[in-house]
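A.B. asks:
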Amino acid sequence: PPGLFCYRIDSDSILLGGALTDGGSVIAWLRDLLNLKSEEEYIQCEENVFAMYMKCIEENTHNSKPLTFVPFLSGERSTGYRGGATGCIIGLTRHTTPVDLMKESLESVVLRINAILELILRGSKEIVGINDVQASNIVASGNALENNELWRQMLADCSKMNVILDNETHEGTSRGAALMVAKMLAKSAQLPKEPLSITHTSKPNDSAFQLHWSLKKQVQDEAIHILEPMWK
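So for the sequence shown, this note's numbering puts the first residue at 723; every next one is plus one.
Structure below.
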């Protein structure tokens with residue numbers, strides 16, 4: 723499907739997915755920009771972001787200081803593969819704070835991850851020819867998501883899926899490759915069943931998508947559409 727990669731693994735399996743050029747690197751860039759060099763300063767900023775995010779969800783106050791961030795600091799891979807794309811923050815005022823910028827940076831990457839997830843689900847339905855393909859869990863992997871509970875909660879709220887950590891999360895790619903090798907050695911059409919050892923689950927807030935994320939998604943998509951002619 724357009725916007726994703728699709729690799730033929732063997733005669734029975736394909737790998738459908740997407741890739742971001744900027745994920746955790748967006749937060750690393752912002753930390754440098756805001757001079758949050760010490761871990762204590764960053765943790766304090768993140769705690770303030772968490773409080774602001776929860777207040778937005780609980781009180782539906784996200785429009786009080788609206789920001790929109792297109793996080794294409796190094797071009798774009800999925801979903802548009804626009805190599806010349808650049809980042810943009812819309813809505814800055816003299817009242818914008820470091821906490822506002824950090825919150826919007828986290829949310830902007832979540833929106834790009836969610837765009838990939840939506841395409842994967844849509845593509846899966848097309849490939850297998852089944853309209854009711856469902857997904858209820860995301861297994862988080864990578865240092866940025868593993869070490870940031872707020873980011874995982876945002877992803878759960880935006881995607882309306884559980885975001886899971888398990889004991890092998892930090893080696894997710896290697897684990898997947900090992901399971902494929904085991905499948906080939908066993909000459910099986912199915913992957914070996916290996917239950918997750920779940921250490922933490924971020925569950926979606928039922929009202930968060932409608933109160934917060936649906937509008938955020940719409941506005942970021944519109945911003946990308948408006949900016950696209952400038953990248954050519």
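Cβ atoms here follow ideal geometry from the backbone N, Cα and C, with glycine treated the same way.
Would you check if there are 3 or more beta carbon pairs closer than 8 Å linking the stretch 910-929 to the stretch 869-880?
C.D. replies: yes
A.B. asks: Could you check if Phe-727 is buried or exposed, using at least 16 other CB atoms within 10 Å of its CB as the buried criterion?
C.D. replies: exposed
A.B. asks: List the whole-angstrom C-beta distance separating Ile-838 from Ser-800, where the pair is believed to meet the contact cut-off of C-beta under 8 Å.
C.D. replies: 5 Å
A.B. asks: Return the first residue and the last residue of the alpha helix (DSSP H) that Arg-753 is part of.
C.D. replies: Looking at the DSSP string, the run of the alpha helix (DSSP H) that includes Arg-753 is 746-755.
A.B. asks: First and last residue of the alpha helix (DSSP H) that includes Ser-760?
C.D. replies: Careful: Ser-760 lies outside any alpha helix (DSSP H) and carries neither H nor E.
A.B. asks: Just how far apart, CA to CA, sit Ala-857 and Val-941?
C.D. replies: Taking the Cα positions, Ala-857 is about 25 Å away from Val-941.
A.B. asks: Are any of the Cβ atoms in chain C nearer than 7 Å to that of Ser-896?
C.D. replies: Structure shown: chain C not included; a single protein chain is present.
A.B. asks: Starting from the Cα of Gly-813, find the closest Cα among Leu-789, Glu-762, Pro-723 and Ile-749 and give me that residue.
C.D. replies: Nearest neighbour of Gly-813 by Cα position, chosen from Leu-789, Glu-762, Pro-723 and Ile-749, turns out to be Leu-789.
A.B. asks: Taking a contact to mean a Cβ-Cβ separation below 7 Å, would you say Thr-808 touches Phe-794 in this structure?
C.D. replies: yes
A.B. asks: Which residue marks the beginning of the alpha helix (DSSP H) containing Gly-898, and which one marks its end?
C.D. replies: Its alpha helix (DSSP H) spans residues 894-907.
A.B. asks: Compute the Euclidean distance between the alpha carbons of Ile-842 and Gly-739, then round it to the nearest angstrom.
C.D. replies: 6 Å
A.B. asks: When you compare the stretch 891-900 with the stretch 941-951, are there three or more beta-carbon pairs, one atom per stretch, that lie closer than 8 Å?
C.D. replies: no
A.B. asks: Measuring only the C-alpha atoms, how far is Leu-756 from Tyr-729?
C.D. replies: 40 Å
A.B. asks: How many Å lie between Asn-869 and Glu-950 at the Cα?
C.D. replies: 33 Å
A.B. asks: At the level of alpha carbons, what is the spacing between Gly-845 and Ala-741?
C.D. replies: 15 Å
A.B. asks: At what residues does the beta strand (DSSP E) containing Asn-865 begin and finish?
C.D. replies: Here Asn-865 belongs to no beta strand (DSSP E); instead the alpha helix (DSSP H) covers 865-868.
A.B. asks: Just verifying my parser: in three-state terms, what is the DSSP assignment at Arg-799?
C.D. replies: Look at Arg-799 here: in three-state DSSP terms it is coil, with no helix or strand label.
A.B. asks: Shortest alpha-carbon distance to Tyr-764 belongs to which of Met-824, Cys-778 and Arg-834?
C.D. replies: Met-824
A.B. asks: Is Ile-946 buried or exposed, if buried means 16 or more other CB atoms sit within 10 Å of its CB?
C.D. replies: buried
A.B. asks: In terms of DSSP beta bridges, what is Thr-790 paired with?
C.D. replies: In the DSSP assignment, the residues bridged to Thr-790 are Ile-812.
A.B. asks: Between Asn-836 and Gly-746, which are expected to be in contact by the criterion C-beta below 8 Å, what is the C-beta distance as a whole number of angstroms?
C.D. replies: Incorrect: roughly 16 Å between the Cβ atoms, too far for contact.
A.B. asks: Our contact map puts Asn-889 next to Asn-859 with C-beta atoms below 8 Å; I'd like the distance itself, whole angstroms only.
C.D. replies: No, Asn-889 and Asn-859 are not in contact; Cβ-Cβ is about 16 Å, not under 8 Å.
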